[in-house]
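Protein sequence lines correspond, in order, to chains A and B.
Take 91 as the starting number for the first sequence in my numbering and just add one per residue.
Take 91 as the starting number for the second sequence in my numbering and just add one per residue.
There are 2 protein chains.
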Amino acid sequence: MTRPLYLQVRDALIERIAAGAWKPGASIPNELDLSREYGVSAGTMRKALEIMESEHVVVRKQGRGTYVIDQATDELRGRYTAVRHANGARVAGHVEIVDVMEGAAHEQECERLRLELSDTVYRIRSVARVAGSPYMVEQISMPARLFPDLLKTNGFPRDISAIAQAHGKLLGKPEERISVGQASPEVAELLLVAPMAPLIVLDRVSISLDGNFVEWRVAQCHLTANCYLA
Amino acid sequence: MTRPLYLQVRDALIERIAAGAWKPGASIPNELDLSREYGVSAGTMRKALEIMESEHVVVRKQGRGTYVIDQATDELRGRYTAVRHANGARVAGHVEIVDVMEGAAHEQECERLRLELSDTVYRIRSVARVAGSPYMVEQISMPARLFPDLLKTNGFPRDISAIAQAHGKLLGKPEERISVGQASPEVAELLLVAPMAPLIVLDRVSISLDGNFVEWRVAQCHLTANCYLA
DNA sequence: AAGTGGTCTAGACCACTCA
DNA sequence: GAGTGGTCTAGACCACTTG
Numbered sequence: 091m092t093r094p095l096y097l098q099v100r101d102a103l104i105e106r107i108a109a110g111a112w113k114p115g116a117s118i119p120n121e122l123d124l125s126r127e128y129g130v131s132a133g134t135m136r137k138a139l140e141i142m143e144s145e146h147v148v149v150r151k152q153g154r155g156t157y158v159i160d161q162a163t164d165e166l167r168g169r170y171t172a173v174r175h176a177n178g179a180r181v182a183g184h185v186e187i188v189d190v191m192e193g194a195a196h197e198q199e200c201e202r203l204r205l206e207l208s209d210t211v212y213r214i215r216s217v218a219r220v221a222g223s224p225y226m227v228e229q230i231s232m233p234a235r236l237f238p239d240l241l242k243t244n245g246f247p248r249d250i251s252a253i254a255q256a257h258g259k260l261l262g263k264p265e266e267r268i269s270v271g272q273a274s275p276e277v278a279e280l281l282l283v284a285p286m287a288p289l290i291v292l293d294r295v296s297i298s299l300d301g302n303f304v305e306w307r308v309a310q311c312h313l314t315a316n317c318y319l320a
Numbered sequence: 091m092t093r094p095l096y097l098q099v100r101d102a103l104i105e106r107i108a109a110g111a112w113k114p115g116a117s118i119p120n121e122l123d124l125s126r127e128y129g130v131s132a133g134t135m136r137k138a139l140e141i142m143e144s145e146h147v148v149v150r151k152q153g154r155g156t157y158v159i160d161q162a163t164d165e166l167r168g169r170y171t172a173v174r175h176a177n178g179a180r181v182a183g184h185v186e187i188v189d190v191m192e193g194a195a196h197e198q199e200c201e202r203l204r205l206e207l208s209d210t211v212y213r214i215r216s217v218a219r220v221a222g223s224p225y226m227v228e229q230i231s232m233p234a235r236l237f238p239d240l241l242k243t244n245g246f247p248r249d250i251s252a253i254a255q256a257h258g259k260l261l262g263k264p265e266e267r268i269s270v271g272q273a274s275p276e277v278a279e280l281l282l283v284a285p286m287a288p289l290i291v292l293d294r295v296s297i298s299l300d301g302n303f304v305e306w307r308v309a310q311c312h313l314t315a316n317c318y319l320a
C-alpha cells in the first residue's frame with residue numbers, strides 16, 4: 091500500500107519545482123547530490139528523474155545536466171493548441187477575450203472538473219482570429235480556488251500554460267475529445283458563419299501533475315481546408 | 091554508435107514474437123531465464139521488457155508472468171479505430187469492401203509510405219455502416235512487398251491489426267492527423283450525403299515496430315452529434 | 001580533465017498470484 | 001510455498017559536453 095520510493099521522490103521534486111525552487115530553464119542538482127539529499131540510491135533518483143522527463147517537467151542532457159522545462163514556452167504549448175497548418179506549424183492566431191465571469195459551478199463543470207455545486211469557477215470566453223478573420227471560439231472554466239486573484243493579474247489574456255505556471259501548477263497530459271457540432275446563434279455571430287454551420291468541437295480537461303483538475307475547455311473551430319488537428 | 095544492449099535485446103525479442111515463436115496471448119519465459127538465454131543481466135532484460143510493454147507488445151503481471159499481446163484483439167484495435175460513442179465505446183460499424191486494386195504507387199503514396207515510384211501498392215476502398223447507414227469511407231494503401239498474397243487470403247475484409255499480425259508485423263504508434271474536407275461526388279454517393287457536405291478526414295500512417303511503413307489510410311467520416319474521436 | 005547523464009551489472013528483498 | 005514481476009541498492013564503466 092505504500093507508494094514506491096521513486097514516486098515519493100518524484101512528488102517531492104515536482105512540488106519543489108512548482109513552488110519555484112528551481113526556475114524554468116534552470117538546471118537542477120545532479121543525480122548523486124539529489125540522491126544523497128533525499129537519502130535514496132542513485133538508481134532510485136534516476137528512476138524518479140526519468141519519470142519526470144516523460145512528464146515533460148525536466149529534460150536531461152547527457153554531459154550537461156538536468157533542466158526544468160518552461161511549460162509556457164512555445165514547443166510545450168503545442169500540446170495545448172491542437173490546430174496546425176498543413177506544414178505542422180501551430181496556427182498563430184490572435185486571441186481576444188470576449189468576457190470573463192465568476193460564478194457558481196454548474197452541473198457539467200462539476201462533473202468535468204470534479205467540483206461541488208458550492209464551488210466557484212472562472213469562465214472565460216474568447217475568439218481566435220488569424221489575419222482578422224475568426225476561426226475559433228473558446229469557452230474555458232477554471233476552479234477559482236486554484237487561481238486566486240486570477241482576474242487581477244495583468245498580462246491577461248494568457249493561455250493555460252502560462253496561467254498554471256504562474257500559480258504553481260505543472261500541467262500533465264490533458265484528456266481530449268474531438269467531435270462535430272453546429273454553430274449556435276451566438277457562436278455563429280462570433281465566427282461570422284451561418285447558424286447551424288458544422289464546426290469541429292475540441293473538448294479538453296487539463297489535470298496538473300499533483301492531481302488537480304485545472305481547466306475545462308470547449309473550443310469550436312471553423313477550420314479551413316488547410317488546417318488540421320494533431 | 092553501438093545500439094544499447096537493452097535495445098538489441100528488445101529487437102531480438104520483437105523479431106521472435108513477430109515470427110510467431112510465442113503466440114498472441116501466450117506467456118513468455120521469466121526475466122531470469124531470458125536474461126540467461128541472451129547472456130545479459132536481469133536488469134538489462136527487465137529494461138527491454140519494460141520498453142516492450144510501453145510499445146504494447148507484451149503485458150507484465152506481477153505474480154503471474156509476461157504475456158504477448160494480441161494486437162488483433164478489441165482493446166488494441168481501439169488505437170486504430172478512433173471513432174467512439176459518447177460513452178467511450180468504439181463504434182462497431184460493419185465494414186464493407188468496395189474494391190481492391192493493385193498498382194504502381196503514385197506520388198503521394200511514395201511520400202507517405204517512403205516508397206519508390208517503381209513500387210507496387212494494394213489499394214482498398216471500403217464503407218463502414220452502422221445500422222445500415224454509412225458513416226465513413228476509407229481509402230487504404232499498403233506496400234505490396236510487405237504483404238505477399240494479400241489478395242488471396244480468405245477472411246477478407248480484416249483490419250490492419252489482423253493483416254499485420256498475419257504477416258509478422260507488429261504495429262507501433264501511428265501518426266495521425268485530423269482535418270476537415272468536403273465530400274467529392276463519389277464519396278457523397280457512398281455516404282448518401284450532398285456533394286460538398288463537410289466531412290472529418292482522418293489521415294493515418296502506420297509504422298511497424300521494426301521500422302516498416304505499413305499502411306496509409308484516409309478515412310472520411312460523416313459524424314453524427316453523438317460520436318467523437320479520441 | 002572534470003563533471004554530467006547513460007548503460008550495465010549483481011544481488012537482496014517485497015508484493016502478488018496460484019496451486 | 002513456489003514462482004513471478006516490482007522495488008531498491010551499490011558500484012563500475014562509457015559517452016558526451018564544457019572549460
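All residues carry an ideal CB built from backbone N, CA and C; glycine is no exception.
These numbers were taken from a predicted model, which means no experiment stands behind them.
*Under the three-state reduction of DSSP, which class applies to Met226 of chain B: helix, strand or coil?*
Here Met226 of chain B sits in strand by DSSP.
*Straight-line CA distance for Ile159 of chain B to Lys137 of chain B?*
18 angstroms
*Secondary structure, beta strand (DSSP E): runs of 3+ residues fully inside the region 179-230 of chain A*: Listed in chain order, the complete beta strand (DSSP E) runs (minimum 3 residues) inside the region 179-230 of chain A are 184-194 and 210-220.
_the region 138-150 of chain B / the region 180-190 of chain B touching (three or more Cβ pairs under 8 angstroms)_ = no
*Under the three-state reduction of DSSP, which class applies to Arg100 of chain A: helix, strand or coil?*
helix
*Is the Cβ of Pro288 of chain B closer than 9 angstroms to any Cβ of chain A?*
yes
_Same chain, Cβ closer than 6 angstroms to Arg267 of chain A, five either side skipped, listed in chain order_ = The beta carbon of Arg267 of chain A sits closer than 6 angstroms to those of Asp293, all from its chain and outside the five residues before and after it, given in chain order.
*Using the rule of at least 16 other Cβ atoms within 10 Å of the residue's Cβ for burial, across every protein chain shown, is Pro238 of chain B buried or exposed?*
exposed
*Does the count of Cβ pairs from the region 286-306 of chain A and the region 94-111 of chain B closer than 8 angstroms reach three?*
In short, these stretches do not touch, since the Cβ pair count stays below three.
_Which same chain residues end up closer than 8 angstroms to Lys151 of chain B when comparing Cβ atoms and leaving out the 5 residues on each side of it in sequence?_
Tyr157
*Gln161 of chain A: buried (16+ other C-beta within 10 angstroms of its C-beta) or exposed?*
That one is buried.
*Apart from the five residues just before and just after Asn86 of chain B, which ones in its own chain have a Cβ nearer than 7 angstroms to its Cβ?*
Since the first residue shown for chain B is 91 and the last is 320, residue 86 of chain B is missing from the structure and cannot be characterised.
*Is DSSP giving Lys151 of chain B helix, strand or coil here?*
strand
*Can you pull the chain B residues whose beta carbon is under 9 angstroms from the beta carbon of Leu313 of chain A, in chain order?*
Ser269 and Val270
*Going by alpha carbons, who is nearest to Pro224 of chain B out of B:Thr163, B:Arg93 and B:Leu281?*
Of the listed residues, the one whose Cα sits closest to Pro224 of chain B is B:Leu281.
*Use the C-beta contact count for Val304 of chain B: other C-beta atoms within 10 angstroms, 16 or more gives buried, fewer gives exposed.*
buried
*DSSP state of Ser144 of chain B, grouped into three classes?*
helix
*Could you give the C-beta distance for Leu261 of chain B and Pro233 of chain B, rounded to a whole number, given that I count them as a contact under 8 angstroms?*
Not quite, the Cβ-Cβ distance comes to about 14 angstroms (not below 8 angstroms), so this is no contact.
*asked:* Suppose the cutoff is 7 angstroms on Cβ atoms and the five residues either side in sequence are ignored; what does the same chain contact list for Pro275 of chain B look like?
replied: Excluding positions up to five away in sequence, the list reads Pro285.
*asked:* Quick check: the Cα distance between Tyr212 of chain A and Ser296 of chain A, rounded to an integer number of angstroms?
replied: Answer to the nearest angstrom: the Cα atoms are 15 angstroms apart.
*asked:* Within the continuous beta strand (DSSP E) that includes Ser296 of chain B, where are the two ends?
replied: Pro288 to Ile297
_Helix, strand or coil at Leu139 of chain B according to DSSP, with G and I counted as helix_ = helix
*For the beta strand (DSSP E) holding Val270 of chain B, just list the boundary residues, first then last.*
Glu265 to Gln272
*Cβ atoms of Ala309 of chain B and Val220 of chain B: under 9 angstroms apart, would you say?*
no
*What residues in its chain sit with their C-beta under 7 angstroms from that of Glu199 of chain A, if we drop five residues either side in the sequence?*
Beyond the five residues adjoining it in sequence on each side, Glu199 of chain A comes within less than 7 angstroms, by CB distance, of Leu205, Val211, Ser231 and Trp306 in the same chain, given in chain order.
*asked:* I need the straight-line Cα distance from Ala273 of chain A to Gln229 of chain A, nearest angstrom please.
replied: Computed Cα separation, rounded: 14 angstroms.
*Residue range of the beta strand (DSSP E) that includes Gln310 of chain A*: Phe303 to Cys311
*Looking at the unbroken beta strand (DSSP E) that takes in Val173 of chain A, where does it start and where does it end?*
Val173 to His175
*Count the other CB atoms, across all protein chains shown, that sit within 10 Å of the CB of Val149 of chain A; report buried if there are 16 or more and exposed otherwise.*
Burial call: exposed.
*Taking the C-alpha atoms as reference points, what is the distance between Ala218 of chain B and Thr163 of chain B?*
19 angstroms
*Over the uninterrupted alpha helix (DSSP H) stretch that includes Arg93 of chain A, give me the two end residues.*
Counting along the chain, Arg93 of chain A falls outside any alpha helix (DSSP H), and DSSP gives it neither H nor E.
*Which residues mark the beginning and the end of the alpha helix (DSSP H) in which Arg126 of chain A is found?*
Glu121 to Tyr128
*For Pro233 of chain B, which of helix, strand or coil comes out of DSSP?*
strand
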